[in-house]
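So the structure is just underneath, and the comments pick up after that.
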Amino acid sequence: MAETLTGAQALIRALEHAEVDVVFGVPGGAILPAYDPILDSPIRHVLARHEQGAGHMASGYAHATGKVGVCVATSGPGATNLITPLQDAYMDSVPVVAITGQVATRAIGMDAFQEAHTWGISMPCTKHNYLVTRVDELPDVIAEAFHLAATGRPGPVLVDIPKDILNATMTWHRPGEIDLPGYKPSVKGHPKQVKAAVEMIHRSQRPVLYAGGGIIKAEASEALRHFAEQANVPVVTTLMARGAIPDSHPLALGMPGMHGNYTAITAMQRSDLLITIGARFDDRVTGDVATFAPDAKVIHVDVDPAEIGKVREANVPIVGDARTVLEQLIETMSSLLDGAEPPEREPWFSQLAAWQEEHPLTYHQDPDGPIQQQYVIEQLHRLTRGDAIVVAGVGQHQMWASQFWGFERPRTWINSGGLGTMGYAVPAAIGAKVGMPDETVFAIDGDGCFQMTSQELITAAIDGIPVKIAVMNNTSLGMVRQWQKLFYGERYSAVDLTDHTPDYVKLAEAMGCVGLRAETPAEVVPTLEKALAINDRPVVVEFKCDPEAMVFPMIPAGGSNDHVVLGPEDLA
């Protein structure tokens, strides 16, 4: 028998059909009809304190689980508050579906209360977006949105629904077969190109596997490790690819780029072949493009054909899914080797080992001095044995977390890479914990970042989401201060935060969390042990950190990767 539903009921039914288990949102007038049927749905709703928080929660959930994250907001300011998380997800290829309310169709364009041109505003920062104009479109539109968000190059999709559409009635129908002419993402790489790539890899003397975040998005980590071992090629993992191959693996060189380690940076710079998979030659990796890896030929594998040749011409371009193409490479390499061993490349590996020995990542923790953030990160890694999901904000603490945490598996490192969104860590950690409730989720945040979105810990406390937050309090916007110190003659402008306001322990307690503080290096380990022992509510731990500490190595913006700055003396 045909079932009549309102548009709001059809929306929730369509989300259930898409196997959504949780949405993060904030209600308001235009989206209000959808908040009634959600009471009768098994879908969990997590009430954020700001729509930006809801968007980052959806992103953290998607990062941690590999599923599509869902956020909900009302029209006007609710929708515009989602723009930052949508752009963040767009830059980092995170599958998110945003549902926004809109004023009634008859009022669109009339400057109605809480009206914004959401469809137009969000177009540049979404993979696709919809303005629903007929109630019977809803089941198919929602199904298409999830398909678009999760397939090909993942990304955010927005569905804008006028209030009268939510209140209208329709005869429910299950979504039909998805047919999107023009949207046919390539999955398999062209066999001829795959064969050419394998032959080029086999001949190379100084190859580097340049692994990007697409490896993790494609669930290709195991295939990456297999191929690296089979071909005997060292691997660098970008900021978005940390954990794609275990850091403990003998072929792993760590992170390249502006604040990568010397060996990873220089290996790429001196290579004769870059095997680029799921990476986009981001400016933070290449530095000055004109001087980047001058002797290297390029194999570029990406599911998005627009990325190939965008920054660096590819000698062998391969459009396809990272895991599928890696499996093709493995099969083709196996046929080429025919039981033989891959090239030893002894001079190359000897050179890499020498660089690793000469230029390790280092820091000094004075027992009587201020706390170094690297020390906190290393001790947290030791206490958890690395078995945790680490979420970072943006700035010095983010770079140190990537440098000094040993990542052994994918989806255990969540951060804002392309957009560099301060305030990302707290809500993203909440989303990750909702998605992976049995995992320890520890956000490593800066005091500047924390002050942007700390109110979302109210959500965590009330909803019983026991995340843990380390606030690295160096009393400043640390990365900006570092640049002003090095490049602006120590003229510090608008970077100082106070040492005493807010009181992070009292603030945490006021929001329903446990607040802890470590002021000396000796207090770091016992304070972390206390934080790790509390699992029934969120925990905020403030660490009084060295305000003068700076992140090295460093490639100054626009500089050449030939000149790795290992300390301030290299800039003299």
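Count along the sequence shown starting at 1, add 482, and that's the number in my numbering.
Where a beta carbon is used, it is the ideal one built from N, C-alpha and C, also for glycine.
Can you tell me where the alpha helix (DSSP H) with residue i in it begins and where it stops?
i     : result
C931  : D929 to T935
T814  : A804 to L819
Y612  : Segment H610 to L613 is the beta strand (DSSP E) holding Y612; no alpha helix (DSSP H) there.
G917  : A907 to G917
L620  : L620 to A632
V1007 : P1003 to A1015
V962  : G960 to F969
K988  : Y986 to A992
Anyone know if the C-beta pair for residue i and residue j falls short of 7 Å?
i     : j     : result
E750  : V793  : Glu is not the amino acid found at residue 750; the sequence shown has Met there. No, the pair does not count as a contact, with Cβ atoms beyond the cut-off.
A454  : V579  : Only positions 483 to 1054 of the chain appear in the structure, and residue 454 is not among them; the question remains open.
M918  : A546  : yes
A627  : V641  : yes
P1003 : Q847  : yes
C1027 : M961  : no
A540  : V508  : no
W830  : R688  : yes
P667  : T720  : no
L756  : A778  : yes
D978  : S958  : yes
A555  : T587  : no
T748  : L735  : no
G994  : A914  : no
T814  : V916  : no
N897  : Q885  : no
A1000 : F1025 : yes
N1043 : G769  : yes
K950  : A874  : no
G695  : M737  : no
C1057 : F506  : Outside the shown range of the chain, which is 483 to 1054, sits residue 1057, and nothing can be said about it.
L808  : A693  : no
T903  : D593  : no
Quick check on the DSSP output: the beta strand (DSSP E) that includes residue i runs from which residue to which?
i    : result
M954 : K950 to N955
T453 : Residue 453 lies beyond the range of the chain shown here (483 to 1054); nothing can be said about it.
V717 : V717 to T719
L865 : Careful: L865 lies outside any beta strand (DSSP E), inside the alpha helix (DSSP H) at Q855 to T866.
M652 : T651 to T653
I800 : V798 to V801
H527 : R526 to L529
L735 : A734 to G736
G997 : V996 to A1000
Can you find the residues in the same chain that come closer than 6 Å, C-beta to C-beta, to residue i, ignoring five residues on each side of it along the sequence?
i    : result
P519 : A490, Q491 and I494
W895 : R724, G725, V872 and F889
P824 : A713 and N714
M573 : G900 and L901
G997 : V987, A990, E991 and V1022
A870 : T922 and F924
What residues in its chain sit with their C-beta under 8 Å from that of residue i, if we drop five residues either side in the sequence?
i    : result
A678 : V798
D754 : S686, Q687, R688, P689, D777, A778 and K779
G791 : H782 and P799
N649 : T488, G489, A490 and P515
Please identify the residue among the options whose C-alpha is closest to the C-alpha of residue i.
i     : options                      : result
G739  : A1039, S958, P1050 and A796  : A1039
C607  : F763, L1053 and P636         : P636
R805  : S816, S832, I759 and L819    : I759
A1058 : D985, W965, Y986 and H982    : Since the displayed the chain opens at 483 and closes at 1054, residue 1058 lies outside it and no answer follows.
I859  : F924, G694 and G664          : F924
P732  : M722, A1000 and A710         : A710
V876  : P852, D850 and G930          : G930
P657  : Y974, P673, I513 and A625    : A625
G671  : H599, T935 and D784          : D784
I565  : Y692, R752 and P638          : P638
D945  : I853, R1019 and L568         : R1019
W1050 : D1044, E1030, D622 and S1042 : Going by the sequence as given, residue 1050 is Pro instead of Trp. Among D1044, E1030, D622 and S1042, the Cα nearest to that of P1050 belongs to E1030.
Q810  : L843, V669, V717 and M737    : V669
T980  : G510, Q933 and T941          : Q933
T983  : M904, V1007, Q838 and N956   : N956
Can you pull the DSSP bridge partners for residue i?
i     : result
L755  : P689 and K779
W895  : V872
C455  : A query on residue 455 cannot be resolved here, the shown segment of the chain reaching from 483 to 1054 and no further.
P644  : Q584
V554  : G507 and I581
I471  : For residue 471 there is no data in the structure shown, the boundaries of the chain being 483 and 1054.
I451  : Examination of residue 451 is not possible in this model, given that the chain is present from 483 through 1054 alone.
D1044 : Looking at the DSSP assignment, D1044 forms no beta bridge with any residue, so it has no partner.
Which residues in the same chain have their Cβ closer than 7 Å to the Cβ of residue i, if we skip the five residues on either side of it in sequence?
i     : result
W654  : E485, L487, A492 and R495
M1036 : M740, H741 and V1047
N1017 : P948
V827  : Note on residue identity: the sequence assigns Arg, not Val, to residue 827. Hits under 7 Å: Q687 and N714.
G591  : none
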